[in-house]
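Each residue of the sequence shown is one higher than the one before, counting from 1 in UniProt numbering.
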Amino acid sequence: MLAMQIEKTVNNAAVAGANVNYEILTAAVEKSSDWPLGEEVWNEIITSETYDMVQDCLKTNYYGMKAMVEELLPLLNLSDSARVVNVSSNLGVLEIMTCKWAKEVLSDVEKLSEERVELVLNKYLEDFRDGALKTNGWPTYIGPSAYIVSKAAMNAYTRILAKNYPTFCINCVHPGFVKTDITGSTGFSTPAQGAENVVRVALLPTGASSALLFYVLLEENRTKNLLIEYAVVTGANKGIGLAICKLLASKGVMVVLTARDEKRGLEALEKLKESGLSDHLVFHRLDVADPATITCLAEFVKNRFGKLDILVNNAGIGGSTMNHEALKAAKVSGTEADLEAVWSKVLIETYELAEECLKINYYGAKTTAEALIPLLQLSDSPRIVNISSSMGKLQQYIQSEQRKEALRDADTGEKIDELTTEFLKDFKEGSLESKGWPTFLSAYTISKVAMNAYTRILAKKHPNFCINCVCPGFVKTDINNNTGHSSPEEGAAIPVKLALWPNGGAPSGLFFVQGEPVPFE
Numbered sequence: 001m002l003a004m005q006i007e008k009t010v011n012n013a014a015v016a017g018a019n020v021n022y023e024i025l026t027a028a029v030e031k032s033s034d035w036p037l038g039e040e041v042w043n044e045i046i047t048s049e050t051y052d053m054v055q056d057c058l059k060t061n062y063y064g065m066k067a068m069v070e071e072l073l074p075l076l077n078l079s080d081s082a083r084v085v086n087v088s089s090n091l092g093v094l095e096i097m098t099c100k101w102a103k104e105v106l107s108d109v110e111k112l113s114e115e116r117v118e119l120v121l122n123k124y125l126e127d128f129r130d131g132a133l134k135t136n137g138w139p140t141y142i143g144p145s146a147y148i149v150s151k152a153a154m155n156a157y158t159r160i161l162a163k164n165y166p167t168f169c170i171n172c173v174h175p176g177f178v179k180t181d182i183t184g185s186t187g188f189s190t191p192a193q194g195a196e197n198v199v200r201v202a203l204l205p206t207g208a209s210s211a212l213l214f215y216v217l218l219e220e221n222r223t224k225n226l227l228i229e230y231a232v233v234t235g236a237n238k239g240i241g242l243a244i245c246k247l248l249a250s251k252g253v254m255v256v257l258t259a260r261d262e263k264r265g266l267e268a269l270e271k272l273k274e275s276g277l278s279d280h281l282v283f284h285r286l287d288v289a290d291p292a293t294i295t296c297l298a299e300f301v302k303n304r305f306g307k308l309d310i311l312v313n314n315a316g317i318g319g320s321t322m323n324h325e326a327l328k329a330a331k332v333s334g335t336e337a338d339l340e341a342v343w344s345k346v347l348i349e350t351y352e353l354a355e356e357c358l359k360i361n362y363y364g365a366k367t368t369a370e371a372l373i374p375l376l377q378l379s380d381s382p383r384i385v386n387i388s389s390s391m392g393k394l395q396q397y398i399q400s401e402q403r404k405e406a407l408r409d410a411d412t413g414e415k416i417d418e419l420t421t422e423f424l425k426d427f428k429e430g431s432l433e434s435k436g437w438p439t440f441l442s443a444y445t446i447s448k449v450a451m452n453a454y455t456r457i458l459a460k461k462h463p464n465f466c467i468n469c470v471c472p473g474f475v476k477t478d479i480n481n482n483t484g485h486s487s488p489e490e491g492a493a494i495p496v497k498l499a500l501w502p503n504g505g506a507p508s509g510l511f512f513v514q515g516e517p518v519p520f521e
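Put into structure tokens, the structure is as follows:
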């Protein structure tokens with residue numbers, strides 16, 4: 001008897017939505033060594049683009065894909081490892097969508113629905129029919145407009161589908177600039193190479209993340225990419241992380257801005273692009289507490305850039321809830337006495353918050369570093385900057401001599417893990433004070449002590465890396481309800497200085513406070 005189930009479906013069928021002069025396209029590609037840009041050149045490349053053509057393009061590329069998926073969903077539901085791979089294009093990314101209204105609709109993750117995607121497609125067809133594409137900002141400068149819109153819609157539908165079927169692995173993939181009929185065989189990759197990238201996504205391990213767009217790194221661009229520096233900044237949609245992204249991008253570094261909230265991350269990206277940094281920024285979702293998203297980020301960096309030069313572990317939380325009004329009324333000065341006398345009255349710590357704090361601040365940084373180290377090893381000057389705190393100093397905040405010694409002498413991450421596990425156990429039992437643990441901002445303190453210790457271990461393990469931790473100062477951020485003394489830009493200055501330290505003779509395994517190395521004690 002035949003098994004009536006399907007494990008994988010790959011939606012590849014597509015048309016260009018226009019007639020193209022491939023001789024002109026080939027000449028434009030050879031001239032720029034890349035996909036051509038500009039309305040003038042595309043007015044020459046596209047010889048005809050009729051309403052019937054664009055309607056057929058949307059019908060094939062989007063509605064055909066959607067109908068196929070819906071028809072096969074009952075059979076995919078019978079599989080223990082259902083995968084859907086939609087073959088998309090980098091032309092479908094929202095950065096290219098110049099129609100502001102359509103971009104807002106497709107990027108609104110919370111409201112995104114099939115009906116809203118169809119609203120965008122219908123508006124596009126209406127504007128095409130009325131000759132209003134340019135007036136209403138639809139993209140015409142980088143390829144056939146219907147093809148671009150169809151792929152943007154496909155990417156949006158992929159996210160909707162992944163949300164509706166959380167047990168499936170549903171992604172879209174840009175296979176590269178492949179020699180096909182659509183490109184007039186002017187691509188850089190063979191069909192076999194393009195297929196390899198699609199198959200790689202189709203064979204992602206069970207439990208892999210969904211709703212992602214995978215890119216391929218063209219071999220022809222690998223040499224060019226090695227001349228550029230690439231950075232990943234975690235927790236970068238606001239505060240110090242956002243300021244670090246802006247500073248790095250302004251120095252010519254290609255920055256992957258990451259955030260666990262996709263909508264906020266994309267909004268942060270747009271904010272920075274308004275500063276004229278479009279060519280040096282890209283967004284990728286990352287929840288450092290979710291190993292699957294870390295794996296997907298590493299795959300993205302590998303396929304898109306081929307290496308990584310800089311990792312800034314900035315993602316962090318306070319491990320407590322705060323009475324913000326009481327804090328404002330207290331007129332916080334930021335002194336150590338102030339912390340004990342005032343902050344302890346407005347902060348509430350629970351076991352659940354403590355566990356989450358360690359999971360993000362310490363384990364998240366550790367797991368992210370370990371996943372990206374293979375890519376950092378491909379750099380001529382690999383650097384890791386861990387955003388820490390002065391509260392991570394042993395002598396001031398750890399009372400137990402035994403634990404000080406254990407943290408001072410720890411030579412593996414496992415030994416640090418044992419101490420954090422012990423801390424959580426004592427927290428749960430209500431015995432922090434009797435066991436010599438800090439009782440004020442306890443989880444935050446332990447997470448930063450652990451991060452500092454792990455920084456030293458990592459620096460010893462990778463002597464050719466530049467790996468340091470840094471206290472950015474008392475910066476105005478959400479963690480302290482913006483009561484700090486320094487701006488996020490001021491707090492970002494030293495981390496960026498360490499991230500851009502020249503190759504050769506760079507310090508490693510150190511803890512920087514106010515721009516100077518200080519003892520971990």
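All residues carry an ideal CB built from backbone N, CA and C; glycine is no exception.
- Of the residues assessed, A132 falls on the exposed side of the cut-off, its CB having fewer than 16 other CB atoms within 10 angstroms.
- In this structure, N155 sits away from V87, with a CB-CB distance that is not shorter than 9 Å.
- Straight through space, the alpha carbons of L272 and L498 are spaced by roughly 22 Å.
- Setting aside the 5 residues that flank it on each side, E39 is surrounded in the same chain by T140, Y141, each with a C-beta closer than 8 Å to its C-beta; the list follows chain order.
- Counted as a single uninterrupted DSSP element, the beta strand (DSSP E) harbouring K8 occupies residues 8–11.
- Selection G364, S508, I170, K461 evaluated against A450 yields G364 as nearest (Cα-Cα).
- When beta bridges are read from the DSSP output, L311 appears opposite V232, I384.
- If you check the CB distance, E49 and I24 do not come in under 9 Å.
- The three-state reading of DSSP puts V496 in helix, counting H, G and I together.
- For V198, the uninterrupted alpha helix (DSSP H) segment begins and ends at 191–202.
- Secondary structure of V253 (DSSP, three-state): coil.
- Per DSSP, reduced to three states, the secondary structure at C169 is strand.
- If you look at R159, you'll find it in the alpha helix (DSSP H) that goes 145–164.
- Looking only at I310, D261, F188, D181, the smallest Cα-Cα distance to C245 is reached by I310.
- Spanning the alpha carbons of D127 and D108 requires a straight line of approximately 22 Å.
- Around V15, the same chain offers C57, T60 as residues with beta carbons nearer than 6 Å, after the five sequence neighbours per side are excluded.
- N237 sits in coil when the DSSP states are folded into three classes, being neither helix nor strand.
- For E516, there is no enclosing alpha helix (DSSP H); the enclosing beta strand (DSSP E) covers residues 516–518.
- The three-state secondary structure of I96, taken from DSSP, is coil.
- Selection T167, D130, H174, V120 evaluated against A153 yields V120 as nearest (Cα-Cα).
- Burial state of Y124 is buried, judged by a 10 Å Cβ sphere holding 16 or more other Cβ atoms.
- Under the three-state reduction of DSSP, I467 is assigned to strand.
- The DSSP-derived three-state label of H462 is coil.
- Between the C-alpha atoms of T295 and A371 there is a straight-line separation of about 7 Å.
- Excluding sequence positions up to five before and after I160, its CB lies within less than 8 Å of the CB of L112, S113, E114, V117, all in the same chain and listed in chain order.
- Membership of T47 in the beta strand (DSSP E) is indicated by the continuous run 46–48.
- A distance of 9 Å or more separates the beta carbons of K415 and D426.
- Look at F427 here: in three-state DSSP terms it is helix.
- The residues L376, F465, in chain order, have a CB closer than 6 Å to that of P382 in the same chain once the five nearest residues on each side in sequence are set aside.
- Rounded to whole angstroms, the gap between the alpha carbons of G17 and A459 is 53 Å.
- V312 places its beta carbon less than 9 Å from that of A231.
- Shortest Cα-Cα distance from D261 to any of D279, M254, I240, R285 involves R285.
- For F188, DSSP assigns no beta-bridge partner whatsoever.
- Residue state for N303 is assigned as helix, using DSSP reduced to three classes.
- Rounded to whole angstroms, the Cβ separation of R83 and K8 is 4 Å, and the two are in contact under 8 Å.
- In the three-state scheme derived from DSSP, where H, G and I count as helix and E and B as strand, N21 is classed as coil.
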